[in-house]
Structures are given as C-alpha cells and as structure tokens.
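Participant:
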Amino acid sequence: MKRVFSGVQPTGNLHLGNYLGALKQFVELQEDHECIYCIVDMHAITVPQDPKVLKTHILDVASLYLAVGVDPKKSIVFVQSDVPGHAELSWVLTCCSYTGELSRMTQFKSKSHNKESAPTGLFSYPVLMAADILLYDTDVVPVGTDQKQHIELCRDLATRVNNTRKKTFVVPEGRYLKEGARIMALDDPTQKMSKSAENIHSRISLLDDPAKIKKSIMKATTDSEGVIRFDQENKPGISNLMNIYSVLSGKSIAELEKEYDGRGYGDFKKDLVEVTVEALAPIKERFDEIRYSDDLIRILKDGAARANVIAEKTMARVKENFGLGL
Ligand code: AQP
Numbered sequence: 293m294k295r296v297f298s299g300v301q302p303t304g305n306l307h308l309g310n311y312l313g314a315l316k317q318f319v320e321l322q323e324d325h326e327c328i329y330c331i332v333d334m335h336a337i338t339v340p341q342d343p344k345v346l347k348t349h350i351l352d353v354a355s356l357y358l359a360v361g362v363d364p365k366k367s368i369v370f371v372q373s374d375v376p377g378h379a380e381l382s383w384v385l386t387c388c389s390y391t392g393e394l395s396r397m398t399q400f401k402s403k404s405h406n407k408e409s410a411p412t413g414l415f416s417y418p419v420l421m422a423a424d425i426l427l428y429d430t431d432v433v434p435v436g437t438d439q440k441q442h443i444e445l446c447r448d449l450a451t452r453v454n455n456t457r458k459k460t461f462v463v464p465e466g467r468y469l470k471e472g473a474r475i476m477a478l479d480d481p482t483q484k485m486s487k488s489a490e491n492i493h494s495r496i497s498l499l500d501d502p503a504k505i506k507k508s509i510m511k512a513t514t515d516s517e518g519v520i521r522f523d524q525e526n527k528p529g530i531s532n533l534m535n536i537y538s539v540l541s542g543k544s545i546a547e548l549e550k551e552y553d554g555r556g557y558g559d560f561k562k563d564l565v566e567v568t569v570e571a572l573a574p575i576k577e578r579f580d581e582i583r584y585s586d587d588l589i590r591i592l593k594d595g596a597a598r599a600n601v602i603a604e605k606t607m608a609r610v611k612e613n614f615g616l617g618l
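To convert, take the position in the sequence shown, counting from 1, and add 292; that gives the numbering used here.
Quick look at the structure:
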C-alpha cells in the first residue's frame, strides 16, 4: 500500500479552502492507502502565537480532522511536536538546502513582506515541511495547489540527498484535486482563502454558524455584470463562488450556469448559503461530540507513538548515511 502524509497548521479554525483542497482528499485516500495525518504545530510558531490559543487550536484542528471523516482506526493522527524526528530531520535538510532556493518561495515572500525582521523559521518553513514528508517515506502528499512549490522543493531535497549520498529518501508526489484545489478569499478573489486573514468575512470556517455563513456569502465580492458565468480571469468573484457551490453540491459548473441563466447574484448567493449550511451542519455536530471527549487525547497519543516508530527508523538511516552520532 502506498503511504500518504499531510498536515495542517493549527493557526485558526479550518476553512472551506482547507476542507476542499486538503481534508476531503485525506478522507478519500484512507480507504486504500496507509495514511499519516499531522497537526503541524511547529509550523504555526513561524509567526507569533499565544500559547493558550495555540493549544486550543491544536485540539480544534484534531477534532475537525475526525469530524470530516478521518478515521483513527485507518489513519495515524498526531501532533507534530510530539515526534522529535521532525525537528531533527529538519536540521539535517537545512544543511542540504540553499538560501537561494528558499528565497524564491512565494509563501515566504508574501508572509515576510520583505522585512529583515521576518523570523528565520518563516524562511526555513519549507525545509521543515520537507522533513515532515520525508520522515515517513511518503509516496503521496495530498495538498492544495498553493503548496506545489513546497512539494517541488521537498522532491529536490530528497533527490539531492539520494544523489550525493546513499539512497536515503523516498521521493514523494504531490496530489492536487482539479476542482476546489484553490478556494479564494470571499472579499478579494485574487487572494487564497486563509485562516489568518484579518477579515473574518474573507472565509467560511467549518465551525461558522448559519448567520455568519449567510453574512460572509452575501457580502462576497462579485462584479457589476450580474451574469452567472464561470470566467476565472475576468469574473474571479462569481467563479470562486461557483467553484464552492459545485464542489459542495456535486453539480457541475455547466449545470450551474444553466440553472442560473437569467437570474441574479442575489438568488445565487442565497442558494449557496443553503448549500453551505447543509454541508457544514454534520461536521459541526461531529466536532461537538469529539472535541471534549477523552477519546481525543487518547487518539493523539496513540497516533504519536505509532508515528514515532516509523520516524525513528528513518532517522537511524539518515544518521547512518550522514555519519552522525556514535
Ligand atoms: N484557499 C485554499 N484553497 C485550497 N486549499 C487550501 N489550503 C489552504 N488554503 C487553501 C490547503 O490546506 C492545507 C493546510 O494548509 P495550512 O494550514 O497548513 O497552511 P496554509 O496553506 O498556509 O493555510 P492557510 O489557511 O492560508 O493558513 P494561514 O493563514 O495560517 O497561512 C494545505 O494542504 C493547503 O494547500
């Protein structure tokens, strides 16, 4: 069976982008793959975090994994900082990466705002991500298309090490969904939907109540043409809403264009509110059952122990091939 690894940062409540771009794939893949899903808390501290809030978000994200359908009987679910191999391998890979290639990462450029005071951790974030993946001899990494550049770097690092030392790593493949792979912000459809954006109406969080969902969708930026037609380049706002509608309802874009021919954005948005509320209701219900149950901590501890067994084997091989330790 091929091995799958992916993770999400506990930087806030997960939104539709995280769900449609990544989590939906997590659930599908666990049927015929050996899956390892991580809450990547060490990535979260690349920007300042309040420790109490971070702890809450770790448990929220873990509960949301389970609420959307990740099954701990089929998949390993754990918190990144509970397995020391992530930090250890990250340092080894840092020594194999070039400052030039890291400077070209678009996520670093957009998050650092070109400031000299940008944290070094933000700069080396993609190396830690490569370590997360390579630590588990991962074959497949399900992520949103925004992570393509980081996956390519991970492949480059693995290949570089394999070519200059003994074969050490499995070179993984990214797995991106065609539809819903990139969900854009509701207030600015040229930016991706993001957990940490200041405007809460830029995103639909999986735990939003119906009133908040309604407000965010009804306020969403569209255009002045008033025609429901998919055109990513010239009509990014309505195209983003159509994309969300299509993935949540299972209706194709062509079906939506036909159904809303001659109707206005108001009508379309009202229906999208209904579709979204309906899709998220069962997730919220399961989240409430799991979040404060004793099972949650047990599942995460058990997941960390299972992940650690695999990680230790990889680290022994890495140390051997790099000549580290006794
Ligand atoms: N807008 C998006 N559309 C599709 N997929 C997305 N992902 C994130 N945003 C979108 C995918 O979700 C997974 C987890 O992402 P992450 O939290 O680890 O990092 P991120 O990409 O930086 O997500 P955010 O929401 O934008 O977080 P912040 O605001 O903290 O930086 C990844 O697979 C990602 O592709």
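For every residue, glycine included, the Cβ atom is placed at its ideal position computed from N, Cα and C.
Have a look at D500 and K507 and give me their C-alpha separation to the nearest angstrom.
Facilitator: If I take the Cα positions, the gap works out to 11 angstroms.
Participant: Measuring CA to CA, which of M293, L315 and K294 is closest to R474?
Facilitator: Nearest of M293, L315 and K294 to R474, Cα basis: L315.
Participant: Helix or strand or just coil, what does DSSP make of C327?
Facilitator: If DSSP states are grouped into helix, strand and coil, C327 belongs with the strands.
Participant: Can you list, in chain order, every residue whose CB sits closer than 5 angstroms to a heavy atom of ligand 1?
Facilitator: Selection output, chain order preserved: V300, Q301, T303, G309, N310, G313, A314, V435, G436, D438, Q439, R474, I475, K484, M485, S486, K487 and S488.
Participant: By DSSP, does F297 sit in helix, in strand, or in coil?
Facilitator: Correct three-state label for F297: strand.
Participant: Which residues does DSSP pair with H442 in a beta bridge?
Facilitator: Paired residues: none, contrary to the question.
Participant: Using the beta-carbon count (16 or more within 10 Å), is E323 buried or exposed?
Facilitator: Answer is exposed; the Cβ neighbour count stays below 16.
Participant: Have a look at C330 and V353 and give me their C-alpha separation to the nearest angstrom.
Facilitator: Answer to the nearest angstrom: the Cα atoms are 10 angstroms apart.
Participant: My parser needs the beta strand (DSSP E) runs of 3 or more residues fully inside the region 419 to 498; what are they?
Facilitator: Qualifying beta strand (DSSP E) stretches, in chain order: 432 to 434 and 465 to 467.
Participant: May I ask you to list the residues that DSSP assigns as paired with V369?
Facilitator: Its beta-bridge partners are Y329.
Participant: In the structure shown, what three-state DSSP assignment does D523 receive?
Facilitator: Here D523 sits in strand by DSSP.
Participant: How big is the Cα-Cα spacing for V296 and K366?
Facilitator: Between V296 and K366, the C-alpha separation is close to 12 angstroms.
Participant: Name the residue from Q441, V569 and E380 whose alpha carbon lies nearest to the alpha carbon of S395.
Facilitator: It is Q441.
Participant: Rounded to the nearest angstrom, how far is the Cβ of N454 from that of F461, given a contact under 8 angstroms?
Facilitator: Rounded, the Cβ-Cβ distance is 6 angstroms, consistent with contact.
Participant: At a cut of 8 angstroms, does the region 434 to 448 reach the region 589 to 605 through at least three beta carbon pairs?
Facilitator: Cβ pair count under 8 angstroms is below three, so no.
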